[in-house]
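Q: Numbering (this note's numbering), first residue to last: 82 to 511.
Yeah, the Cβ is synthetic: ideal placement off N, Cα and C, and Gly gets one too.
For reference, the structure I am asking about is given below.
Following this line, the structure appears as structure tokens:
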């Protein structure tokens, strides 16, 4: 089993290139199967979730050609089945985008209920509500979600809660529906906008993405396109907090600074210096980080996917900080691991009360999910001594070459598989 071994104490210094946004890319790849013509998608992150989704797309008969590590050509004219095998899909959450794409194009789909990180209940009731409003029959049997429609008809849909997944899924299906669809209380995240832009480049008629009202005029069919995925705001934010926690100086490149405003604001509050450029952000840490309060909210609020990273940084900041999680109820599972490293944190319901300590110490810990795993890597980089992290398969789901990028900034980190590898690393860095 692969693990990360880290020797903490080195400030991260240098430049890092951010990969394409995983959450946008997953939906964009689903959109690529909505035409008979060849679609080229560039700036894909080379991470496990993307590779699993591409396998699933191949599994239903589409032709997937890897142009290079970050670019793929998809021709879906050869799709022979609208049933997506559980073997692929149980591994990733965003499999449900294939529901919207297949239902939009073929008026039917069978997709296994999705997996992904266990960070709390993520119901698909809003997806189902949206599909039903478009005239789709939805049933759940034997662990599969099944959709069927004679015809897709545009409709006025009000989402009861802001849901990125439901917004994108309804948008995918409605792009090929008869008539007009309005989605109210839509999610405004950058990847919602990216998927709308991708669909529009294929001939869809979608307006208002990035606001809470999206208007879609259905078109008869979609056509080929070449599209480049936006940079990953969560990967960028992770490196920004890694710079802060290690008192480093890192230029985070290939980003859209506008997407990072909520993260940047918190870094400024805790005492970091920030320099913004057209497509890069520099974070300069300080030895005396300060406390703050943060509450996760839908975009443009502070992202839930960045909650563990700020909590790790606040654990070594002066004073008392309060972190409130309003999106997912299981998002504090990493706190027990952080406490083993010397953090002073109490969880009460959906709130973590963090008393800053002067330092963390290395320990053997487990990554409970994707973002918490990345945050625990930051903790290891900031801690004294050695940290060994298990279950890094979660981290590899969403971060391309994480250990390589960190090592490029001066971190002492390696991927290991045996006790012998661990001892070799310890000898080398001591």
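Tell me which residue opens and which closes the beta strand (DSSP E) that residue 477 is part of.
A: Position 396 of the chain shown, counted from the first residue, corresponds to residue 477. Here residue 477 belongs to no beta strand (DSSP E); instead the alpha helix (DSSP H) covers 474-477.
Q: Buried or exposed: residue 449, going by 16 or more other Cβ atoms within 10 Å of its Cβ?
A: Your numbering for residue 449 matches position 368 in the chain shown. The residue is buried, with at least 16 neighbouring Cβ atoms inside 10 Å.
Q: Taking just the CA atoms, how far does residue 146 sit from residue 201?
A: Numbered from 1 along the chain shown, position 120 holds the residue referred to as residue 201. Numbered from 1 along the chain shown, position 65 holds the residue referred to as residue 146. Confidence at residue 201 is low in this model, with a pLDDT of 46, below 50, so the placement of that residue should be treated as unreliable; the coordinate-derived value is given next. About 35 Å.
Q: Rounded to whole angstroms, what's the CA-CA distance from residue 294 to residue 246? Just pull it up for me.
A: On the chain shown, position 213 is the one that residue 294 refers to. On the chain shown, position 165 is the one that residue 246 refers to. Roughly 15 Å separates the two Cα atoms.
Q: Compare the C-alpha of residue 115 against each of 187, 99 and 175 and name the closest.
A: Translated into the one-based positions of the chain shown, residue 115 becomes position 34. Ranking the options by Cα distance to residue 115, first place goes to 187.
Q: Which of helix, strand or coil does DSSP assign to residue 138?
A: Taking the first residue of the chain shown as position 1, residue 138 is located at position 57. Three-state DSSP puts residue 138 in a helix.
Q: For residue 107, which residues of its own chain have a beta-carbon under 8 Å away from its beta-carbon, when the five flanking residues on both sides are left out?
A: As a first step, residue 107 must be located in the chain shown, where it is residue number 26. Closer than 8 Å at Cβ, skipping near neighbours: 130, 131, 134, 173, 175 and 178.
Q: Can you tell me where the beta strand (DSSP E) with residue 332 in it begins and where it stops?
A: One-based indexing of the chain shown puts residue 332 at position 251. Run containing residue 332: 330-334, per the beta strand (DSSP E) assignment.
Q: Report the three-state DSSP secondary structure of residue 201 (helix, strand or coil).
A: Numbered from 1 along the chain shown, position 120 holds the residue referred to as residue 201. Residue confidence is low: residue 201 scores 46 on pLDDT, short of 50, so the model does not pin down where it sits. Its coordinate-derived value is still stated next. Three-state result, residue 201: coil.
Q: I'd like to check one pair, residue 110 with residue 151: are the Cβ atoms closer than 8 Å?
A: For the purposes of this step, residue 151 is identified with residue 70 of the chain shown, where counting begins at 1. For the purposes of this step, residue 110 is identified with residue 29 of the chain shown, where counting begins at 1. No. Outside cutoff.
Q: Which ranges does the alpha helix (DSSP H) cover as unbroken runs of at least 4 residues, wholly within the stretch 357-445, from first to last along the chain?
A: The qualifying runs are 388-395 and 416-421.
Q: From 427, 459, 421 and 464, pick the residue whose C-alpha is nearest to that of residue 440; which is it?
A: The sequence position of residue 440 within the chain shown is 359, counting from 1. The candidate whose alpha carbon is nearest that of residue 440 is 464.
Q: With distances taken between CB atoms, is the gap from residue 341 to residue 373 smaller than 8 Å?
A: By one-based count along the chain shown, residue 341 stands at place 260. By one-based count along the chain shown, residue 373 stands at place 292. In this structure, residue 373 does not lie closer than 8 Å to residue 341 by Cβ.
Q: List the endpoints of the continuous alpha helix (DSSP H) containing residue 282.
A: If you number the chain shown from 1, residue 282 lands on position 201. From DSSP, the alpha helix (DSSP H) with residue 282 extends over 271-282.
Q: From the DSSP output, which residues share a beta bridge with residue 83?
A: Your numbering for residue 83 matches position 2 in the chain shown. In DSSP, residue 83 forms no bridge with anything.
Q: Figure out for me which residue from 183, 357, 267 and 476 has the closest Cα to the Cα of residue 163.
A: Looking up residue 163 in the chain shown gives position 82. Checking every option, the nearest Cα to that of residue 163 belongs to 183.
Q: Out of curiosity, what's the CA-to-CA distance linking residue 508 and residue 346?
A: By one-based count along the chain shown, residue 508 stands at place 427. By one-based count along the chain shown, residue 346 stands at place 265. Between residue 508 and residue 346, the C-alpha separation is close to 40 Å.
Q: State the start and end residues of the unbroken alpha helix (DSSP H) segment that holds residue 123.
A: Indexing the chain shown from 1 puts residue 123 at position 42. It is not in any alpha helix (DSSP H) - residue 123 instead sits in the beta strand (DSSP E) that spans 119-123.
Q: Which residue from 242, 230, 328 and 225 puts its Cα closest to that of residue 214?
A: Here the question's residue 214 lines up with position 133 in the chain shown. Here the closest residue by C-alpha is 230.
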